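Peer 1: To get the working numbering, take the position in the first sequence, counting from 1, and add 92.
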Amino acid sequence: MDRYNFKLVEKKWQAYWNKNKSFKTTLDKSKKKFYCLEMFPYPSGKIHMGHVRNYTIGDVLSRYKSMLGFNVLHPMGWDSFGLPAENAAKQNNLDPKIWTEKNISIMKTQLKKLGLSIDWDREISTCSKEYYKHQQKFFLDLYDKGLVYRKESYVNWDPIEKSVLANEQVIDGKGWRSGVTVERKKLNQWFFNISKFSEELLSGLDKLDSWPNKVKTMQKNWIGKSFGCEIDFNLKKNDQVNSIKCFTTRPDTLFGMSFLAVSIDHPISKFYKERDDFKKFKEECSKTGTTEEAIAQAEKIGFKTDLRAINPLDNTKTVPVYFANFVLMDYGFGAVFGCPAHDQRDLDFANKYKLKIMPVVEPLDSTGHEYDKNKNFVIIGQAYTGPGKIINSNFLNDLKAPEESIVKTIEYLEKNNIGKKKINFRLKDWGVSRQRYWGCPIPIVYDENNNVKKIPLENLPVELPENINLSTNGNPLDHVDSWKNITIEGKKYKRETDTLDTFVDSSWYFLRFCSPKNEVEGFDMEEVKYWMPVDQYIGGIEHAILHLLYSRFFMQAINFNHEEFNITEPFSGLFTQGMVCHETYRNQQGNWLSPEEYELAKSRGEIIKIGSPESMSKSKKNTIDPEKIIENYGADAVRIFILSDSPPEKDVQWSETGMLSSYKFTQKLWTLHQKFKNKIEENSDKKDEEISIFTNQMIEKIKYNLEKFHYNVIIANLYEFYNFFNNKLNFNINKKTLLENYIKFLSAISPIIPHFTSECLTDLKLNPFQKWPEVDKNLIKNDTVKYVIQINGKKRATITCMKDISEKELIKEIMGGESTKKIFENKKINKCFFVKNRLINILVQ
RNA sequence: GGGCGAGUGGCGGAAUUGGUAGACGCGUUGGUCUUAGGAACCAAUAGUGCAAACUGUGAAGGUUCAAAUCCUUUCUCGCCUACCA
93 MDRYNFKLVE KKWQAYWNKN KSFKTTLDKS KKKFYCLEMF PYPSGKIHMG HVRNYTIGDV
153 LSRYKSMLGF NVLHPMGWDS FGLPAENAAK QNNLDPKIWT EKNISIMKTQ LKKLGLSIDW
213 DREISTCSKE YYKHQQKFFL DLYDKGLVYR KESYVNWDPI EKSVLANEQV IDGKGWRSGV
273 TVERKKLNQW FFNISKFSEE LLSGLDKLDS WPNKVKTMQK NWIGKSFGCE IDFNLKKNDQ
333 VNSIKCFTTR PDTLFGMSFL AVSIDHPISK FYKERDDFKK FKEECSKTGT TEEAIAQAEK
393 IGFKTDLRAI NPLDNTKTVP VYFANFVLMD YGFGAVFGCP AHDQRDLDFA NKYKLKIMPV
453 VEPLDSTGHE YDKNKNFVII GQAYTGPGKI INSNFLNDLK APEESIVKTI EYLEKNNIGK
513 KKINFRLKDW GVSRQRYWGC PIPIVYDENN NVKKIPLENL PVELPENINL STNGNPLDHV
573 DSWKNITIEG KKYKRETDTL DTFVDSSWYF LRFCSPKNEV EGFDMEEVKY WMPVDQYIGG
633 IEHAILHLLY SRFFMQAINF NHEEFNITEP FSGLFTQGMV CHETYRNQQG NWLSPEEYEL
693 AKSRGEIIKI GSPESMSKSK KNTIDPEKII ENYGADAVRI FILSDSPPEK DVQWSETGML
753 SSYKFTQKLW TLHQKFKNKI EENSDKKDEE ISIFTNQMIE KIKYNLEKFH YNVIIANLYE
813 FYNFFNNKLN FNINKKTLLE NYIKFLSAIS PIIPHFTSEC LTDLKLNPFQ KWPEVDKNLI
873 KNDTVKYVIQ INGKKRATIT CMKDISEKEL IKEIMGGEST KKIFENKKIN KCFFVKNRLI
933 NILVQ
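1. Quick one: what's S497 bridged to in DSSP?
2. Does the distance from the C-beta atom of P843 to that of R155 stay below 7 Å?
3. Hey, Q862 and M159 are a contact pair by Cβ (cut 8 Å); roughly how many whole angstroms apart?
4. Please name the residue in K769, G511 and D868 whose C-alpha comes closest to that of E781.
5. To the nearest angstrom, report how far apart Q420 and S355 are at their CA atoms.
6. Taking C-beta to C-beta, are V101 and E851 nearer than 7 Å?
7. Taking 6 Å as the line, does the beta carbon of W212 fall inside it for any heavy atom of the ligand FAD?
8. Could you give the distance in angstroms between the alpha-carbon of G703 and the alpha-carbon of K878?
9. List the whole-angstrom C-beta distance separating K481 from E462, where the pair is believed to meet the contact cut-off of C-beta under 8 Å.
10. Three Cβ pairs or more, each shorter than 8 Å: is that satisfied between the stretch 467-478 and the stretch 426-446?
11. Tell me the DSSP secondary structure of R604 in three-state form.
12. Could you tell me which of D855, I934 and E222 sits nearest to V880, measuring between CA atoms?
13. Just reading off the alpha helix (DSSP H) that T192 is part of, what are its end residues?
14. Output yes or no for whether 7 Å exceeds the beta carbon distance between A493 and D250.
15. So R644 packs on P662, CB below 8 Å; how close in whole Å?
16. Between which two residues does the beta strand (DSSP E) holding N285 run?
17. For a quick check, are the C-beta atoms of E706 and K221 less than 7 Å apart?
18. When the Cα of I630 is compared with those of K621, Y622 and L640, which residue comes out closest?
19. From D855, M708 and F363, pick the residue whose C-alpha is nearest to that of Q766; which is it?
20. For the alpha helix (DSSP H) containing I449, name the first residue and the last one.
21. Three or more C-beta pairs closer than 8 Å, one from the stretch 561-575 and one from the stretch 502-522: is that the case here?
22. Along the chain, which unbroken stretches of the alpha helix (DSSP H) at least 4 residues long are found entirely within the stretch 107-186?
23. Closest to K712 by C-alpha separation, out of N184, T676 and T763, would be which residue?
24. Keeping to the same chain, check which residues put their C-beta closer than 7 Å to that of E130; ignore five residues upstream and five downstream.
25. I'd like to check one pair, E292 with Q945: are the Cβ atoms closer than 7 Å?
26. Determine, using beta carbons only, whether L592 and C673 come nearer to each other than 7 Å.
27. Quick check: the stretch 804-815 against the stretch 167-180, are there 3 or more CB pairs under 8 Å?
28. I need the boundaries of the alpha helix (DSSP H) containing W303, first residue and last residue.
29. Cα separation between Y445 and N407?
30. For M410, I'd like the list of residues in its chain whose CB is within less than 8 Å of its CB, leaving aside the five on either flank, ordered along the chain.
31. Distance, Cα to Cα, Y538 vs K586?
32. Please classify A442: does DSSP put it in a helix, a strand, or coil?
33. The beta strand (DSSP E) spanning C338 covers which residue range?
34. Does DSSP put R893 in a helix, a strand or coil?
35. Can you list, in chain order, the residues of its chain whose CB lies under 7 Å from that of Y241, leaving out five sequence neighbours each side?
36. Taking all protein chains shown into account, decide if Y941 is buried (16 or more other Cβ within 10 angstroms of its Cβ) or exposed.
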């Protein structure tokens, strides 16, 4: 018997799909659409296992949906702007464009080898001017709508590279490449006014039923809505400043206030910046590590000013004003009032500076709390943040905290014009300026007075200059005078040399896929109306916040003053797949070894430390090259393996034995196919309902698991299917029944192993593209069922009997059954619990 | 510190609504065939026990005729987040 030649078969079908454009989609309003999108890759050079997993999941879904009759849009493109291209180009002394295009061509070939059902006619690349031209138009459109603005803001500045670093490029406060301490520098930057839509972006989450709760929670926390009020704290007579504004969620604890703290960047710092002791304090603050943990655990330190703030609820009382390291300038108003009794952080601060600690909320239940000898509630080591009754607070006394007391306090503050109710968001505006070459140019110029002017639409795109020197300090574009200086309508201007954050590129690419060739518009309204929203978006959890939030913002921004668009949520379904992991190897010198090097070292008898499975990464050398694996085992086998071992939302561990067994399984399937063909020649009149029942039941199962993304279970179903058929083929079966069920079997597994099933189907002179098999409901409706018989809650036997029989009939059956009747000898039945067609639990004495 | 999630055989993991725990695969063991096997096929495989049976889903309680699934307490691990006023 021939072995299954996957190389030949897969090559053949990939060529067939390519030639016939089998997955080309066009707008067809007579059909229901399904837009399946996987996060598009960054063209880093080669695809990795993460891509294989991501795109296999999407491909199985796309193929399944087409079989159901949906008009499926399944496109692919390239997130092709970004730093790695610039760095690689610098190293190899070539143009980022050439480097990027080479990678795209390699990766495209690799993706095709996976047998993905992609409409390649819709391929886009964000670094092409055909793409970024429209992005520049969006930018100007947003500018016109007032959703883009320019402001000075702090950036991470690398003094060696003379460039801005992204947060993730700052490691322990040092530049990831230069290794020198990163400075905070104020620069003029472009911002998208994402915070304008805080409320919409938050409430929109509730409608996203098919998003993982985890992602929704992460976004919710990121947006960070809090209810409270702003309060003006008047200062005791002072020449420079009259009041300080604070935001608080607990105005009802005002009577317990013992200090006011402001950020070192607070506007009032200008009155102190010349003082040596203040400078020293600022230095002290900057000394604390920049790792997140260090910041959180840093000691709370303050700098006492000569100012005193008046308690707005009792103007006879004043408290000192401090600069404090724990107050953030970019949240609220950069100032807080401290109530040590009811906030742990304030308590730590008060203890350090010996400030008064007076409780104003008393817990309702006294157990576990401290009281002085007069039985007054006191705060000792820990602040009390729970609910309770207001005390020591004049007109607020005895109110229920926090509900009643907050309402009453705000009422009072508003009546007396001291403060007002306020909702505060943590979400900050999105800074999109990058001092980089390889990104979308910002279509703005400045005149000699530094006034902003938009590039006229007809002059778009603003193209990146080519063949420039990338090895300059700072932004390379800043050094290209011929590009930077421009004359418009006879007037001289200087271009904006910053480029856009690459997250902008990916915030609307799913719109572009709807009409990728439209030269006039970024997207065609009719196409977008048909295709959007994306029905199923699939990608890594690492984009849970930024990319997904930015894309959601873009829909809000396009929608703003443009009701016709009417799309507020880009992705109605979201699935986040887990990572592909592999164990790590280190030799005695502590160097990482690749799996191949490990095998080699092992054969030489070296001692190798095997580490626990970790996400595949180049630095740990625990990567597996998908191309080699496909070469060795075939795409179908790889698809089976990548889906089989774990639920798709969880991490999966790469295993060579697992991969091998998937490969063997494809061989077994081929053997089964040969066995089937031999069998079909023989005829038998033997009626075999069992095979039809099993097949139909299995198809229902696979369908259920497909819909629920239980792809690992589908692989198990596939094995069961095989085991069953393989066994059945040992017997004679009615030709028609056998063929009918075998076709259903091949169809149901075709989304998973499309090359194999296409080959088998055509081998049987059938269409390689089958519809999703119809299930014969009558067949699934079995006449007989298996009952579990429990005695006092323990399983004692199973019994097969007619479906839908009554409890009485079943008991009669059990009493009469040869194997079951002895259970009841000398026993009295007290009670029965009967679950129809499933189980009976008989309680006996 | 906060948030979320998960704990099931030697391993990865099944178990739609509380209703036969361990599907399916890997591994292991035994066997068949083979010059050979890292091939193929057959069989066994949660634990204890000859067996009947008993025990078993991190731990301890609880609800229920019935709990991996629901409730309470607790432990462990993973991920995210970080002084958010």
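In this text, a Cβ means the ideal position worked out from N, Cα and C, and glycines have one as well. Since we're looking at a predicted model, the values are computed, not measured.
Peer 2: The short version:
1. BP columns for S497 are empty, so no partner.
2. yes
3. 7 Å
4. D868
5. It should be pointed out that residue 420 corresponds to Leu in this sequence rather than to Gln. Near 6 Å, if we compare the C-alpha coordinates of S355 and L420.
6. yes
7. The model on display carries no ligand, and the ligand FAD is accordingly not part of it.
8. 48 Å
9. Incorrect: roughly 16 Å between the Cβ atoms, too far for contact.
10. yes
11. helix
12. I934
13. P188 to K205
14. no
15. 6 Å
16. Careful: N285 lies outside any beta strand (DSSP E) and carries neither H nor E.
17. no
18. L640
19. D855
20. Taken as a continuous stretch (DSSP letters only), I449 belongs to no alpha helix (DSSP H), as it is neither H nor E.
21. no
22. 141-159 and 175-184
23. T676
24. N146, Y147, G150, I630 and G631
25. Nothing about residue 945 can be reported from this structure: the residues present for the chain run from 93 to 937 only.
26. no
27. no
28. That residue, W303, is in no alpha helix (DSSP H); it is neither H nor E in DSSP.
29. 23 Å
30. Sequence inspection shows Thr at residue 410; the Met mentioned does not correspond to that position. If we look at T410 and ignore the five residues flanking it on each side, its Cβ neighbours are K328, R400, A401, I402 and N403.
31. 5 Å
32. helix
33. S335 to T340
34. Note that residue 893 is Cys in the sequence shown here, rather than Arg. Three-state result, C893: strand.
35. F283 and N285
36. A query on residue 941 cannot be resolved here, the shown segment of the chain reaching from 93 to 937 and no further.
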